[in-house]
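Residue numbers (my numbering), protein chains in the order written: chain A, 1 to 286; chain B, 1001 to 1286; chain C, 2001 to 2286; chain D, 3001 to 3286.
Number of protein chains: 4
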Amino acid sequence: MTDKLILLIHCPDREGLVASVTNVIRRFRGNVVDLDQHVDTERGVFFMRVAWNPATDDEAGVEEFQRAFVSEVAAPYAMQWRLQRASRRERMAVFVSKYSHCLYDLLARWESGEWDVEIPLIVSNHRDLEPVARRHGVRFEHVPVTAATKAGAERRQLELLREAGVDLVVLARYMQIVSPEFIAAMDGKVINIHHSFLPAFAGGQPYHAANARGVKIIGATSHYVTADLDAGPIIAQDVVTVSHKDSVEDMVRKGRDLEKIVLARAVYAHLMHQILVYDNRTVVFE
Amino acid sequence: MTDKLILLIHCPDREGLVASVTNVIRRFRGNVVDLDQHVDTERGVFFMRVAWNPATDDEAGVEEFQRAFVSEVAAPYAMQWRLQRASRRERMAVFVSKYSHCLYDLLARWESGEWDVEIPLIVSNHRDLEPVARRHGVRFEHVPVTAATKAGAERRQLELLREAGVDLVVLARYMQIVSPEFIAAMDGKVINIHHSFLPAFAGGQPYHAANARGVKIIGATSHYVTADLDAGPIIAQDVVTVSHKDSVEDMVRKGRDLEKIVLARAVYAHLMHQILVYDNRTVVFE
Amino acid sequence: MTDKLILLIHCPDREGLVASVTNVIRRFRGNVVDLDQHVDTERGVFFMRVAWNPATDDEAGVEEFQRAFVSEVAAPYAMQWRLQRASRRERMAVFVSKYSHCLYDLLARWESGEWDVEIPLIVSNHRDLEPVARRHGVRFEHVPVTAATKAGAERRQLELLREAGVDLVVLARYMQIVSPEFIAAMDGKVINIHHSFLPAFAGGQPYHAANARGVKIIGATSHYVTADLDAGPIIAQDVVTVSHKDSVEDMVRKGRDLEKIVLARAVYAHLMHQILVYDNRTVVFE
Amino acid sequence: MTDKLILLIHCPDREGLVASVTNVIRRFRGNVVDLDQHVDTERGVFFMRVAWNPATDDEAGVEEFQRAFVSEVAAPYAMQWRLQRASRRERMAVFVSKYSHCLYDLLARWESGEWDVEIPLIVSNHRDLEPVARRHGVRFEHVPVTAATKAGAERRQLELLREAGVDLVVLARYMQIVSPEFIAAMDGKVINIHHSFLPAFAGGQPYHAANARGVKIIGATSHYVTADLDAGPIIAQDVVTVSHKDSVEDMVRKGRDLEKIVLARAVYAHLMHQILVYDNRTVVFE
């Protein structure tokens, strides 16, 4: 079987968009294996994800398809689009501080072959998790960050990311704010896990805040990082029940499992090219 | 805006199916507002639901489209299909015994206008819920059922259903087994709520069985009724946590809320023409 | 079997509190059927709920127990406490505006005998739901509320509540803010359902706000009403997943089921004397 | 602060049990920090877990308490009981076959200090996960099992467990049935994770069976192992929604996260001495 191609599209809604796209694929004798489409009627935007096995998956064949698609469909309909090969392994860097549960979980998914991904680099502002990286044979770079050195630290981080050919940065309880410049340099491909059910309890100590407010459910939220802290497009959320019996420590404990699972779901959706972002929201074609 | 048309399709998987269907809609200048497609690769079956506003929704226009669709697409691809008008109100009968929570819930959704449906008939093998039907101004028919009179009772039920022009029968804790003949006469449009997480605890006293087994979660399952009791295609399921503190009575109480919500989700999906059945499983395009 | 007595206690944490309470019950030959205890170690507060069948449940016997309990335990330990008879039916008024789903659900629980409660009164600032009240034979009082007439309207409401001997007011999507004076007059026994996962999306249009924020889960919160809008002690919360497919209307639809179930859980816990309030939080002994 | 003592009790239900136990603790000037009690009224059994800081935690003091408790309370009331020190680290062996996700998860919890436990030994019937054990510095023992060698293999396993001073065996997707003799030798302290929502889909290939049945929710179940396969007392269960889109492979993928979280919850409850077993059911005092 040939490689699978995945096309992600959004554009102003018009008649005949699905037929236009699938007609081109059909003419090139591609076999559609998955098609998801969504119209946000309120915003007048069309979203589509289509995956297919092309008749031929050599570079020339794919480029020929792409040229036809652009001239016949993408350009006329003012589409924003990305074409991906399913076989290409994404390269992911993990940024951490001192909490290890999300890092352990990501490494286990990588090492066990659960995810078809490369993890060439772990970056931290602390040295605490260096032994974890070592044990798994992943390069660990300690880049201390202070208010004064932040700009330089981010330059160093971006240099490391470029060297390692990284596509995606995962902030796995990194506990540092990254600058708009950093995000732009990564083309927005920065995923964070926030340990609350955003927008509730944005900011520093969500479990303390949740405990003080006496909520009966706590959550975790994974989102793309934008300039506005904790306000980026949400990819995945999940919750767990708590009660009066749960102290802040219990919430932290329950929250850890939530954080690692929710972060993993978001990263997986990204790796599978299931996510479109529009108007600070995500369309996740699962 | 014109009426919305909804087309449900399944057929052997082939190349170009989506394009074939959407091309016809496009040629008739229909505007697709919703398209969901699914390929069961294991079984080699293609499923599709497409909803659109046609250029004209008068009877002649819709028939013209239908003829074109059948000759150009449905017949060549050996499709099984249904074409529905969104504006047509389904007519639903509710079968009950003595438990009232599902009946109350269905009536409230109808009366408050939450569901765009007709409920012309309530049938029961007991008289207990007759006052409820009366209060809501719905015809109530008492059809006693014993082993000896079952065949006759079902004939009477089918007569009532025909008279009332019923499309869908909802067994809202009806507690009686319906015969294959009855199901066939209703063309399979019979939805049941089973008060367990099927296939666990099929049969008579699921909460007692769940309590005896010491499970930590109980469920409810709504499904189309088939000849094989509790084994029909599942439409919706949900669960609620229980603990050692929950007696059978507590489970019954918690289960009631679950049952009414799960049944309502299944009936709603049916009313919205979101369900395709194949190989004793459902595809639910939400 | 005798009536069940339920004692709810909170006080500064000290050694021997459980033994002190249970010793008195034991001395009066009560048989404990349920005991829950909780220490909030951070706040240094002890909470307890104990239910028992007394040797005798006549008024004199219960009063004798109460005198002994107060002098030997409650007073020395500076306890706040409430002693309830399980057999006493609470009297509940429902306040509504135009949305009917919570009202229908509460009425069904009452009428079917699921809840052992009285509903002598429905109050609304609109006439829309008067037919619903009529049909169920419950007194309906239309009390219009404007900014100018609010104080007078609340006096009228309190008069109606007093007349009807109401213990608990349930705001079933009442859409009006009640004053601190009203809350005080009801001794804080006012339960509200907010159609969001508080503290996220407090205030007016939570589903619109949730849709704009692009959340993947929506919730509902039931809480005691305090002077600070949407900030009272939370009793129950639950959530349902949403996706990019869900419009505001879909969220409203999904939210309705959530609201009625969460409100019902909170009211049930109140009716069963399972709730203690302390420091704007609830201890719910389920 | 002194060490925390934890007492787990069950016995025929009688009046005054809570007072009897707490009186002894009080007389020894212990400070109760947690007390949970439950009466299974149907079975007539009383369950209790009480945790307290004793006035003195030296060995002599604890033994003196224990003697008083046995003679004054445990013996007269025919109690079955266990007294534990919270500070004592349980020693846990992990049995695996080829699936690694549960093993990785357990090791991460141990290594990060999330759990206060020892993992001195990993046993497997395959060599596949030996490198994982090596990397974490845990002894790995390969004990092949065939129908012919099973008895001998179990003798070898028990020898290894004895040598390593193991208290608890965790079957982390071990894929082998253990004998009643093995379970008895471990005093029933063997926890398994079954990859379905038991009792649905017991046995070999639950995800295939769930897919074939077309369920909308899949689950995982952690339980103590008994002679009757997959029928032991359930400790923890959780579920995740699936749809027609999910192939068996998708269910396996979603199930992995469920399995590791559910197994971890069960093991944690065991380590915290929160579980009582009676009549093939568990009481879990969370």
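All C-beta atoms, glycine included, are put in the ideal place defined by N, C-alpha and C.
1. If I follow the unbroken beta strand (DSSP E) through Met48/A, where does it start and stop?
2. Measure from the C-beta of Lys245/A to each C-beta in chain D and report whether the shortest distance is under 8 Å.
3. Could you check the C-alpha separation between Ala3068/D and Gly3016/D for me, to the nearest Å?
4. Interface residues of chain D around Arg2026/C at Cβ under 8 Å?
5. Below 8 Å, can you find three or more Cβ-Cβ pairs linking the stretch 138-147 of chain A to the stretch 53-67 of chain A?
6. Which residues share a DSSP beta bridge with Leu1007/B?
7. Just tell me which of Lys2216/C, Thr2221/C, Ala2227/C has its CA closest to the CA of Lys222/A.
8. Taking CB distances under 8 Å as the criterion, tell me whether Tyr2174/C reaches chain B.
9. Determine whether the beta carbon atoms of Leu3005/D and Trp3052/D lie at a separation below 8 Å.
10. What is the C-beta distance between Val117/A and Glu90/A, in whole angstroms, given that I count them as a contact (C-beta under 8 Å)?
11. Does Thr3002/D come within less than 8 Å of chain C when only Cβ atoms are used?
12. So which of Phe46/A, Asn125/A, Thr56/A has the shortest CA-CA distance to Arg27/A?
13. So which residues on chain C does Gln3037/D lean against when the C-beta distance must stay under 7 Å?
14. Any chance the stretch 2253-2262 of chain C sits against the stretch 2176-2189 of chain C, with 3 or more Cβ pairs inside 8 Å?
15. Verify the CB distance criterion: does Lys3189/D have a CB-CB separation below 8 Å to chain B?
16. Express the C-alpha separation of Gly1188/B and Arg2085/C in angstroms, rounding to a whole number.
17. Would the stretch 92-101 of chain A count as touching the stretch 34-47 of chain A if we require 3 or more Cβ pairs under 8 Å?
18. Is the distance from the Cβ of Asp3034/D to the Cβ of Ser3087/D below 8 Å?
19. Kindly give me the distance between the Cβ atoms of Met3251/D and Asn3192/D, rounded to whole angstroms, as I take these residues to be in contact under 8 Å.
20. Would you call the stretch 3073-3085 of chain D and the stretch 3107-3114 of chain D in contact, with 3 or more CB pairs under 8 Å?
21. What does the alpha-carbon distance come out to for the pair Leu2129/C and Asn1125/B?
22. Considering only C-alpha positions, which residue in the set Val3239/D, Ala3236/D, Ser3243/D is nearest to Pro1233/B?
23. Would you verify that the beta carbon of Phe197/A is, or is not, closer than 8 Å to some beta carbon of chain C?
24. Any beta carbon from chain A within less than 8 Å of Arg2213/C's own beta carbon?
25. Taking its Cβ as the centre, do 16 or more other Cβ atoms sit within 10 Å of Thr1149/B, making it buried, or is it exposed?
26. Given a cut-off of 8 Å on the beta-carbon distance, is the pair Arg1162/B and Val1096/B in contact?
27. Look at Phe1288/B and Val1283/B and say whether their C-beta atoms are less than 8 Å apart.
28. Could you tell me the alpha carbon to alpha carbon distance between Gln3157/D and Pro3120/D, rounded to whole angstroms?
29. I need the DSSP call for Val1039/B, collapsed to helix, strand or coil.
30. Return the residues of the stretch 3127-3151 of chain D that lie within a Cβ-Cβ distance of less than 7 Å from chain A, sorted by chain order.
31. When the Cα atoms are used, what is the spatial distance from Val248/A to Gly2219/C?
32. Would you please state the rounded distance, in angstroms, between the beta carbons of Trp3115/D and Tyr3268/D? I believe it to be under 8 Å.
33. So if DSSP puts Pro1012/B in a beta bridge, which residue, or which two residues, is it bridged to?
34. Thinking just about the alpha-carbon of each residue, which of Pro1180/B, Ile1025/B, Asn1031/B is nearest to the one in Val1070/B?
35. Between the C-alpha atoms of Gly165/A and Tyr224/A, what's the straight-line distance to the nearest angstrom?
36. Mind checking if Ile2218/C is an interface residue toward chain B, Cβ cutoff 8 Å exclusive?
On the basis of the supplied data:
1. Locating residue 48/A in the first sequence gives position 48, counting from the first residue. From DSSP, the beta strand (DSSP E) with Met48/A extends over 45-53.
2. By one-based count along the first sequence, residue 245/A stands at place 245. It does; some Cβ of chain D falls within 8 Å.
3. Here residue 3068/D corresponds to residue number 68 of the fourth sequence, with the count starting at 1. Here residue 3016/D corresponds to residue number 16 of the fourth sequence, with the count starting at 1. So the two alpha carbons sit approximately 17 Å from each other.
4. Numbered from its first residue, the third sequence carries residue 2026/C at position 26. Correct list: Glu3015, Gly3016, Ala3019.
5. no
6. Residue mapping note: residue 1007/B aligns to position 7 of the second sequence, counting from 1. Paired residues: Val1050/B, Leu1083/B.
7. Start at 1 with the first residue of the first sequence, and residue 222/A comes out as number 222. Strictly speaking, residue 222/A in this sequence is Ser, with Lys absent from that position. Of Lys2216/C, Thr2221/C, Ala2227/C, the residue nearest in Cα terms is Lys2216/C.
8. Position 174 of the third sequence holds residue 2174/C. No, no contact with chain B.
9. Taking the first residue of the fourth sequence as 1, we reach residue 3005/D at position 5. Taking the first residue of the fourth sequence as 1, we reach residue 3052/D at position 52. Contact: yes.
10. As a working mapping, residue 117/A is identified with position 117 in the first sequence. As a working mapping, residue 90/A is identified with position 90 in the first sequence. Confirmed, Cβ separation roughly 5 Å.
11. The residue you call residue 3002/D lines up with position 2 of the fourth sequence. With 8 Å as the cut-off, Thr3002/D does not count as an interface residue toward chain C.
12. One-based indexing of the first sequence puts residue 27/A at position 27. Cα-wise, what sits closest to Arg27/A is Thr56/A.
13. The residue labelled residue 3037/D in the question sits at position 37 within the fourth sequence. Within 7 Å Cβ-Cβ: Leu2035.
14. no
15. Position 189 of the fourth sequence, counting from 1, holds the residue named residue 3189/D. No - not a single Cβ of chain B is within 8 Å of the one on Lys3189/D.
16. For the purposes of this step, residue 2085/C is taken as residue 85 along the third sequence, with counting starting at 1. For the purposes of this step, residue 1188/B is taken as residue 188 along the second sequence, with counting starting at 1. Rounded to whole angstroms, Arg2085/C to Gly1188/B spans 51 Å at the Cα level.
17. no
18. For the purposes of this step, residue 3034/D is taken as the residue at position 34 of the fourth sequence. For the purposes of this step, residue 3087/D is taken as the residue at position 87 of the fourth sequence. Their beta carbons are not under 8 Å apart, which means Asp3034/D does not touch Ser3087/D by this criterion.
19. Taking the first residue of the fourth sequence as 1, we reach residue 3251/D at position 251. Taking the first residue of the fourth sequence as 1, we reach residue 3192/D at position 192. About 19 Å separates the two Cβ atoms, so there is no contact after all.
20. no
21. Along the third sequence, read from residue 1 onward, the residue named residue 2129/C stands at position 129. Along the second sequence, read from residue 1 onward, the residue named residue 1125/B stands at position 125. So the two alpha carbons sit approximately 32 Å from each other.
22. Taking the first residue of the second sequence as 1, we reach residue 1233/B at position 233. It is Ser3243/D whose Cα lies nearest to the Cα of Pro1233/B.
23. Within the first sequence, the letter at position 197 stands for residue 197/A. Yes, contact with chain C.
24. As a first step, residue 2213/C must be located in the third sequence, where it is residue number 213. Interface residue, yes.
25. For this step, residue 1149/B is matched to residue 149 along the second sequence. Exposed, because fewer than 16 other Cβ atoms sit within 10 Å of the Cβ of Thr1149/B.
26. Numbered from its first residue, the second sequence carries residue 1162/B at position 162. Numbered from its first residue, the second sequence carries residue 1096/B at position 96. No, they are not a contact pair.
27. The structure shown does not extend to residue 1288/B, since chain B spans only 1001 to 1286, so no value can be given for it.
28. One-based indexing of the fourth sequence puts residue 3157/D at position 157. One-based indexing of the fourth sequence puts residue 3120/D at position 120. Each residue's Cα considered, the two are about 13 Å apart.
29. Sequence index remark: in the second sequence, residue 1039/B carries index 39 (1-based). If DSSP states are grouped into helix, strand and coil, Val1039/B belongs with the strands.
30. Arg3135
31. On the first sequence, position 248 is the one that residue 248/A refers to. On the third sequence, position 219 is the one that residue 2219/C refers to. Roughly 22 Å separates the two Cα atoms.
32. For this step, residue 3115/D is matched to residue 115 along the fourth sequence. For this step, residue 3268/D is matched to residue 268 along the fourth sequence. Contact holds; Cβ gap of about 7 Å.
33. As a first step, residue 1012/B is located in the second sequence; it is residue number 12 there, counting from the start. Bridge partners of Pro1012/B: Val1045/B.
34. Your numbering for residue 1070/B matches position 70 in the second sequence. That would be Ile1025/B, whose Cα lies nearest to the Cα of Val1070/B.
35. Taking the first sequence and counting its residues from 1, one reaches residue 165/A at position 165. Taking the first sequence and counting its residues from 1, one reaches residue 224/A at position 224. One C-alpha to the other measures close to 20 Å.
36. Counted from its first residue, the third sequence places residue 2218/C at position 218. Judged by the 8 Å Cβ criterion, Ile2218/C is not in contact with chain B.
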